[in-house]
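Peer 1: Going by this note's numbering, the sequence shown opens with residue 6, and the numbers climb by one from there.
Quick reminder that beta carbons are idealized off the backbone N, C-alpha and C, glycines included.
Since the model is a prediction, treat every value here as computed from it, not as a measurement.
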Amino acid sequence: MAGIADFLDSLIGGFDLICFCMAIGGLLWGLFLLRPWENSATLNALLLQKTISLIYKGGFWLAAAQLFKIVLKVWLMTAVLERWPFPEFADTTQFIGGMIRAALTAAMASYCYFVLSKHPFSKQHWIIAGLVTLPMIISGAWLVHAAGRFDNRFMLMSLTVTHQLAAAAWVGGIFQLINVWLLSKRDDISGDLWPLLLKRFSIFGIASIGAILLSGLPITLQYIDSWNGLIGTGYGNLLMVKVVLLSLALGFAWLNRSAVLKYVNLGNGYALNNRVPYYVQTETLVLVILLFTAASLASQPPAIDIPDLTASWQEVTGTFTPKMPSITSPTHTDLIAGEAGRVAIIDQTPSIAATEWSNYNHNIAGIFLTAMSFLAMLSYMKYLPAPFSALDKYVHLTKYWPLGFVCLGIFLFFRSDAETWPLGPIGFWESTFNNGEVLQHRIATLLVLVLGFMELAARITKNPDSKLPYVFPVLAAFGGLMLLTHSHVGFQAKSAFLIQVGHTTMGIFALILSCGRWLELKLDSPGKDIAGFVSVFALFQMGLILMFYLEPLY
């Protein structure tokens, strides 16, 4: 069961941040954008009730998530230490700070539920809600990296809290925008509120992004002291992933801002009503994945603390260097023979067979993805290029490309963890519930199989009202999430990082795959065609990364 606890621990941090953004971002939205005490004539009670509902639900869920994090830590420590961790754990900052934060969060949520929801137009109650929330925000400073450092401790704690607050203002505001759009779409509120609040939020969002950058830069300079630290450590790698995801989110924010300006200056509201809602949805997806990435970043040792375990840029780029894929695999007997030395804590011995087995798995998976994504790209062409024009009559068959996922899933079922069932001696349930990495591999295998069947059905169905096409972007996003939070736990940080860097890069492309497919389903032409092609091109890039994968032998 320790494997489940380890896996859940990697996910609960992201859920914690989502709830934080719902609660704090929603409160800032009400205080600075809605200002109901000034706009009682334009805001109706339903909008305010929905707004406050998101705030207190986020608060209650945040309190529950904080308590669940403590339970998970107790669970993991009991499994590792093979004894009850109390009373020692009760004296730690993590336990004390976590319990205090949970209590303060519950108090904030309770005030919003019992008081603010009954007086939604009261300036006094909104301000009191903000004051009640302030201690909870500050208490989070004792639960971050900086709390355990000796140098510039309080400065880093303050900057981290500011960073979290700015992120909550942006992400929580996006959640509220979706709420406004849904209410507007159902005619529960005035249609004029959608462009009005979009315009206000675009200015508020710019200020939030500025605060994110201004607070994040000093933190980065404190935790990463060299280019190799940025490129060659797990902390630096996930930080770069955050930057990429932030850039993607900013791209959608720019599209939203452009549509707002077009509406304000020219009175053209087509993009505002027919494209912006779906840009906002996609931006939300990117930001949610970014929050999970930030939670994974918090579990990594800062680069400045592991100078002897930092990979060079040559080692990092070497993992992406094109090479001939491995198409031969060592025998299962050879693999099992080297497992004892590979997993030993003392006198650990690298296993050439295990490395070659892993290379083969990744490279063959890459061939699957590259081939199917190439067919997928052809499916967006009505006619093939001149050299292949004789094959035009077969272009319609390219829509069956998702069958490749089914074949890949079957391959992974047998090959992903060869030391466990069905090939290895370790039983299915024992390996699944006692090893977080195996659990994630099993989930990924099931994900690939379901992805293949569902997308194949979606591509060949003729029903325009079918919900099947939406399964693919959802599962692809979850796959990207798993890749970005996937960890290879071990004592050799450098080798673990060199494996991680490939996973995180594929995680970014999986997210692009998801976003592209979602926009393809939602937008009109030509945007939908562009988004669809970008989606499968991202899948092609994932295939290339896997096809050139080379695992470090140390």
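Tell me which same chain residues have a C-beta within less than 7 Å of the C-beta of D14, skipping the five on either side of it?
Peer 2: Excluding positions up to five away in sequence, the list reads L77, L81.
Peer 1: Is the number of C-beta pairs between the region 185-196 and the region 250-260 that are closer than 8 Å three or more?
Peer 2: Because the criterion of three Cβ pairs below 8 Å is not met, the region 185-196 and the region 250-260 do not touch.
Peer 1: Assuming H130 and L139 are in contact, meaning their beta carbons sit under 8 Å apart, how far apart are those beta carbons, in whole angstroms?
Peer 2: Not a contact, Cβ separation roughly 15 Å.
Peer 1: Quick one: give me the first and last residue of the alpha helix (DSSP H) that H331 is part of.
Peer 2: A quick correction: the sequence has Ser, not His, at residue 331. Note, S331: premise wrong, no alpha helix (DSSP H); not H, not E.
Peer 1: Is V494 helix, strand or coil by DSSP?
Peer 2: Legend: pLDDT at V494 = 47, less than 50; position of this residue unreliable, value from coordinates given subsequently. V494 falls in the coil class under three-state DSSP.
Peer 1: Note the first and the last residue of the continuous alpha helix (DSSP H) segment covering F37.
Peer 2: Careful: F37 lies outside any alpha helix (DSSP H) and carries neither H nor E.
Peer 1: Could you tell me whether the Cβ atoms of I229 and L164 are closer together than 7 Å?
Peer 2: Their beta carbons are not under 7 Å apart, which means I229 does not touch L164 by this criterion.
Peer 1: From the DSSP secondary-structure annotation, give me the bridge partner or partners of T425.
Peer 2: DSSP, once it has assigned bridges, lists I431 as partnering T425.
Peer 1: Pick out whichever of E460, Q169, L109, I517 has its Cα sitting closest to the Cα of I23.
Peer 2: Of E460, Q169, L109, I517, the residue nearest in Cα terms is Q169.
Peer 1: On the three-state DSSP scale, how would you describe Y554?
Peer 2: Correct three-state label for Y554: coil.
Peer 1: Tell me which residues share the same chain as G103 and place their Cβ nearer than 7 Å to its Cβ, disregarding the 5 neighbours each side in the sequence.
Peer 2: If we look at G103 and ignore the five residues flanking it on each side, its Cβ neighbours are Q71, K74, I75, L148.
Peer 1: Below 8 Å, how does it come out for the region 461-469 and the region 429-438: are there three or more Cβ pairs, yes or no?
Peer 2: At 8 Å Cβ cutoff, the stretches do not touch.
Peer 1: Contact defined as beta carbons within less than 8 Å: I believe T324 pairs with G507. What is the distance between those atoms, to the nearest angstrom?
Peer 2: About 6 Å separates the two Cβ atoms, so the contact holds.
Peer 1: Take L417 and list the residues in its own chain whose beta-carbon comes closer than 8 Å to its own, dropping the five residues that flank it on each side.
Peer 2: Excluding positions up to five away in sequence, the list reads N366, A370, H446, A449, T450, V453.
Peer 1: Let me know the beta strand (DSSP E) ranges lying completely inside the region 59-145, each 3 residues or longer, listed in chain order.
Peer 2: Correct list: empty.
Peer 1: If we require 3 or more residues per run, which beta strand (DSSP E) segments fall completely within the region 186-264?
Peer 2: Counting whole runs of 3 or more residues, the region 186-264 contains no beta strand (DSSP E) stretch at all.
Peer 1: Taking three-plus beta-carbon pairs below 8 Å as touching, is the region 174-189 in contact with the region 328-336?
Peer 2: The region 174-189 vs the region 328-336: no contact.
Peer 1: For the region 530-543 and the region 297-310, state whether three or more C-beta atom pairs, one from each stretch, are separated by less than 8 Å.
Peer 2: With the cut-off at 8 Å, the region 530-543 and the region 297-310 do not touch.
Peer 1: Considering Cα atoms alone, identify which of F126, I143, E525, L461 is closest to R106.
Peer 2: With distances taken between Cα atoms, R106 lies closest to I143.
Peer 1: Classify A28 as helix, strand or coil using the three-state DSSP reduction.
Peer 2: A28: helix per DSSP, three-state reduction.
Peer 1: Specify, as a first and last residue, the run of the alpha helix (DSSP H) that S356 falls within.
Peer 2: Segment: none, S356 is in no alpha helix (DSSP H) and carries neither H nor E.
Peer 1: Measuring CB atoms only, is the region 269-276 touching the region 239-251, in the sense that at least three cross pairs come out at less than 8 Å?
Peer 2: The region 269-276 is not in contact with the region 239-251.
Peer 1: Between the C-alpha atoms of S220 and L516, what's the straight-line distance to the nearest angstrom?
Peer 2: Straight-line Cα distance between these residues: approximately 26 Å.
Peer 1: Do you know how far the Cα of I550 is from the Cα of A542?
Peer 2: According to the sequence as given, residue 542 is Phe; it is not Ala. Whole-angstrom Cα-Cα distance: 13 Å.
Peer 1: So G521 packs on G537, CB below 8 Å; how close in whole Å?
Peer 2: Yes, they are in contact, since the Cβ atoms of G521 and G537 sit about 6 Å apart, within 8 Å.
Peer 1: Taking 7 Å as the cut-off, decide whether the C-beta atoms of L456 and F410 are in contact.
Peer 2: Going by C-beta atoms, L456 is nearer than 7 Å to F410.
Peer 1: What are the boundary residues of the alpha helix (DSSP H) that T287 is part of?
Peer 2: Start and end: 281-303.
Peer 1: In the DSSP assignment, the alpha helix (DSSP H) including H337 goes from what residue to what residue?
Peer 2: From DSSP, the alpha helix (DSSP H) with H337 extends over 337-342.
Peer 1: Could you tell me the distance, in whole angstroms, from the CA atom of G46 to the CA atom of G35?
Peer 2: Rather than Gly, the amino acid found at residue 46 in this sequence is Ala. If you take the alpha carbons of A46 and G35, they lie about 16 Å apart.
Peer 1: Count the other CB atoms, across all protein chains shown, that sit within 10 Å of the CB of F96; report buried if there are 16 or more and exposed otherwise.
Peer 2: Per the sequence shown, the amino acid found at residue 96 is Asp instead of Phe. D96 is exposed by the Cβ-count criterion.
Peer 1: Is T315 helix, strand or coil by DSSP?
Peer 2: Here T315 sits in coil by DSSP.
Peer 1: Buried or exposed: which applies to M329, given that a residue is buried once 16 or more other Cβ atoms fall within 10 Å of its Cβ?
Peer 2: Exposed: under 16 other Cβ atoms inside 10 Å.
Peer 1: Among L544, D21, F37, whose alpha-carbon lies nearest the alpha-carbon of F373?
Peer 2: Cα-wise, what sits closest to F373 is L544.
Peer 1: Enumerate in chain order the residues of its own chain whose CB-to-CB distance from S384 is below 6 Å, with the five nearest sequence positions on each side excluded.
Peer 2: Correct list, in chain order: T403, K404.
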